[in-house]
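Data block below; observations after.
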Amino acid sequence: MSRPSFELNRGEKVLVVVSPEAEPALVQEYVEAIGKQVDGDGGLVKVENSLRLKTGDHPDSYFDMIVSGFVPLQTVDHTFEFLDILLNIAKPNGRVVLYETVSDGHESLKSEKALLSNLTMSGLVNVCCEEVQMEEENTQKLRGHFKTENFKLFSYKGSKPNFEIGSSAKINLNVPEDVANVWKVDADDDDIIDSNELLDEADLQKPDPSSLKVCGTTGKKKACKNCSCGLAEELAQEVNGKGEPAPAQKSSCGNCYLGDAFRCASCPYLGMPAFKPGEIVQLDPSTLADV
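Under full-length UniProt numbering, residues 1 to 291 are what the sequence shown spells out, in order.
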């Protein structure tokens, strides 16, 4: 594998994380090359062993770029805890480049897709990856280290979001003052029908009382034979026009007022409750019509 090059600017702060198996000569060579790119304006390069990253005294949001595991041998295991530390010490929008050996069938190595998922879930954005071609010497050393031939070397690139992990910001919700009016019913709304508009001139005129008579209820009153309810007396008063009560009459049986148990089969009061003798009882017009 040829020495990788990174897009760096003068004055940037870079952290280089190496594995315990990294060759010191290669570490020095790679760090010097990076130092030349960031030299001046406060630029610096720091080197950290992957096993000591957790105990390292690195300020939060400090590094513009973090490069981990790219110096042979590439044996750094980028766990969730490891990635969390990297994101804490990287600046917002800081770049993170990781090199890791992956395998689909080795129990101690993550697969390409699994590592890519871990990087995304850890909080990195714009994550991408590509396979890195290795020199035969480096391949042989990794084969001896992991005790397998089924592996590949991938580089992963991503960046920290443009905000601090766990930070919060107030959302400005400017609600228009007239929003509440949307839910109010407008009395002048054209969609509401005016009930007065449904009436015409004929509906507004006062009706003639004679037109209010109901059919079937204006027939002539007729008292039954031997009436004992008082209707005969009422009709007699209307005929005489004197308003004097007619002589009291009794029915043929004289038992109409006692109830159905004492009434004749043709009595018009059948089905009605008992009443006092001489009490005026109003019969239904349909009953009178049948008498």
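Note that CB positions come from ideal geometry on N, CA and C, so glycine has one too. Keep in mind the model is a prediction, meaning the values are calculated, not measured.
- Unbroken alpha helix (DSSP H) stretches of 4 residues or longer found wholly inside the UniProt domain "Anamorsin N-terminal" (11-168): 24-38, 80-89, 112-122 and 136-146, given in chain order.
- With fewer than 16 other beta carbons inside 10 angstroms of its own, residue 279 counts as exposed.
- Residue environment analysis places residue 89 among the buried positions, since at least 16 neighbouring C-beta atoms fall within 10 angstroms of its C-beta.
- When the beta-carbon positions are compared, residue 61 and residue 86 stay at least 8 Å from each other.
- Our two residues, residue 200 and residue 281, have alpha carbons roughly 44 Å apart in a direct line.
- Remark: C-beta atoms of residue 151 and residue 108 do not approach each other more closely than 8 Å.
- Excluding the 5 residues flanking it on each side, residue 197 has no same chain C-beta neighbour closer than 8 Å.
- Leaving aside the five residues that flank residue 58 on each side, the residues in its chain whose CB is nearer than 6 Å to its CB run, in chain order, 89.
- When DSSP states are grouped into helix, strand and coil, residue 273 belongs to the coil group.
- Residue 14 and residue 8 do touch by the CB rule: their CB atoms are close to 7 Å apart, below 8 Å.
- Rounded to whole angstroms, residue 36 and residue 171 show a C-alpha spacing of 43 Å.
- Bounds of the alpha helix (DSSP H) holding residue 204 are 201-204.
- C-alpha of residue 23 to C-alpha of residue 163: approximately 36 Å in a straight line.
- Per the coordinates, the alpha-carbon of residue 95 lies some 10 Å from the alpha-carbon of residue 126.
- Between residue 72 and residue 143, the alpha-carbon positions lie close to 13 Å from each other.
- Taking C-beta atoms under 8 Å as the contact rule, residue 12 and residue 40 fail to qualify, at a distance of about 10 Å.
- Apart from the 5 residues on each side of it in sequence, residue 270 sits with its Cβ closer than 7 Å to the Cβ of 260 and 263 in its chain, given in chain order.
- Residue 74 sits buried, since 16 or more C-beta atoms from the chains shown fall within 10 Å of its C-beta.
- DSSP, reduced to helix, strand and coil, places residue 6 outside both helices and strands of the structure shown, so it counts as coil.
- With a contact defined as Cβ atoms closer than 8 Å, residue 93 and residue 160 qualify at about 6 Å.
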